[in-house]
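Enquirer: Residue numbers for the sequence shown follow this note's numbering, so the first one is -13 and each next one is one higher.
Got a structure for you, written out below as structure tokens; questions coming shortly.
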Amino acid sequence: QILFASYPCVAKPLTLSASRGVIRADNSEQLKAALARIWRLIQKEGEDDYPVALVEQFISGKEIAVEGLLSDGDLSTLAIFDKPIPLNGPYFEETIYVTPSALSETEQQEVQAVLSQACQLLELRQGPVHAEFRLNEQGIWIIDIASRSIGGQCSQLIRAGTGVTLEELIVRNSVGENATNQVIKKAVGVMMIPVPGSGGILRRIEGLGNAARVSGVTGVELDARPGQILTPWPEGCAYPGFIFAEAKSTDKVIRALKLAHAELKFVYSPSLPVRVAAATSRSQQTRTGNVRQ
């Protein structure tokens, strides 16, 4: 049941994470289709609870992420990450994070003040915090706040920029040591490699050597393996891998990440329909599936 919605809006399932099932809708028909898709996704996951989705206004503008540590209620910012590729939908898989932010010093201070106030209202006092914001002419908008550190392999940016791992900083902070004086001094970035096309059964990924040799690239790490089924968003939630880069400026970091990504080619195995017949004394049962060549 939809009580009220203004458009454009974004529908989000309450039981999933990593932008899975998050869909933009520009009108009532698109919203109904998005909610039906979310319903099917949650049912497929076998969730016991009745599927519920949050529908909220779509906010345009520049999106950033903030990584911080709370110590007895005081917030220290470890990094502000820009997201240079606009996330306007209809789906919202992440792509590139880069820091230092291109925001002005005043804008960064305002973002940190908003986050600090939000943490106080949520009674968050100790440990890591990861928050996402959008900035536009109307102000600073909180997209979400989580009492956790940044996900995936993205925490490597903290080590690349400071020489200290994020995990060490979190542990030091938890035992009362000063872990908030680390500042990222050089331009670093990561690309969360998206699933290309409509996905499929992965056979191989070509071009790794060329990608790794792009100037500024410091690493290409793949999590996907041959035979794995890759599913794009909004049903999927796993990135095939990550590309890391360092340079003298964030613009050069972004360029290196994009050039390296352009070198990668995903080769899928064909997904063929198979009919398996099992004869019984009462009936002939058939079913279809997929097979990998």
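All C-beta atoms, glycine included, are put in the ideal place defined by N, C-alpha and C.
Going by C-alpha distance, which of 193, 190, 243 is nearest residue 175?
Expert: Comparing Cα-Cα distances from residue 175 to each of 193, 190, 243, the minimum goes to 243.
Enquirer: Quick test of the definition: if touching needs 3 or more C-beta pairs under 8 Å, does the stretch 1 to 16 touch the stretch 60 to 78?
Expert: Yes, the stretch 1 to 16 is in contact with the stretch 60 to 78.
Enquirer: CB residue -1 to CB residue 28, shorter than 8 Å?
Expert: It is a contact, given that the beta carbons lie within the stated cut-off.
Enquirer: Between residue 241 and the ligand SAM, is there a pair consisting of the residue's CB and a ligand heavy atom that are separated by less than 7 Å?
Expert: The ligand content of the structure shown is nil, which means the ligand SAM is not present either.
Enquirer: Assuming contact is defined by CB atoms lying nearer than 8 Å, are residue 94 and residue 61 in contact in what I supplied?
Expert: Not closer than 8 Å, so no.
Enquirer: Is residue 5 helix, strand or coil by DSSP?
Expert: Reduced to three states, the DSSP call for residue 5 is coil.
Enquirer: I'd like to know whether the C-beta of residue 170 is nearer than 8 Å to at least one C-beta of chain D.
Expert: The chain labelled as chain D is not found in the depicted structure, where only one protein chain is given.
Enquirer: Alpha carbon to alpha carbon, what distance is there between residue 253 and residue 92?
Expert: Cα to Cα, the separation comes out at about 46 Å.
Enquirer: With a Cβ-Cβ cutoff of 8 Å, do residue 236 and residue 197 count as a contact?
Expert: No, they are not a contact pair.
Enquirer: From residue 135 to residue 157, what distance separates their C-alpha atoms?
Expert: Distance between the alpha carbons of residue 135 and residue 157: 12 Å.
Enquirer: Please name the residue in 223, 133, 241, 52 whose C-alpha comes closest to that of residue 3.
Expert: Measuring from the Cα of residue 3, the nearest candidate turns out to be 223.
Enquirer: Can the beta-carbon of residue 68 be found closer than 8 Å to that of residue 88?
Expert: In this structure, residue 88 lies closer than 8 Å to residue 68 by Cβ.
Enquirer: Compute the distance between the beta-carbons of residue 100 and residue 71, then report whether it is under 8 Å.
Expert: No, the Cβ-Cβ distance between residue 100 and residue 71 is not below 8 Å.
Enquirer: With DSSP as the reference, please indicate the residues paired to residue 43 in a beta bridge.
Expert: For residue 43, which the question treats as bridged, DSSP gives the partners -5.
Enquirer: Just mark residue 108 as buried or exposed, buried being the case when its beta carbon has 16 or more other beta carbons within 10 Å.
Expert: Exposed.
Enquirer: To the nearest angstrom, how far is the alpha carbon of residue -6 from that of residue 130?
Expert: The straight-line gap from Cα to Cα measures roughly 18 Å.
Enquirer: Where residue 48 and residue 80 are concerned, what is the direct C-alpha to C-alpha distance, given to the nearest angstrom?
Expert: Rounded to the nearest angstrom, the two C-alpha atoms are 14 Å apart.
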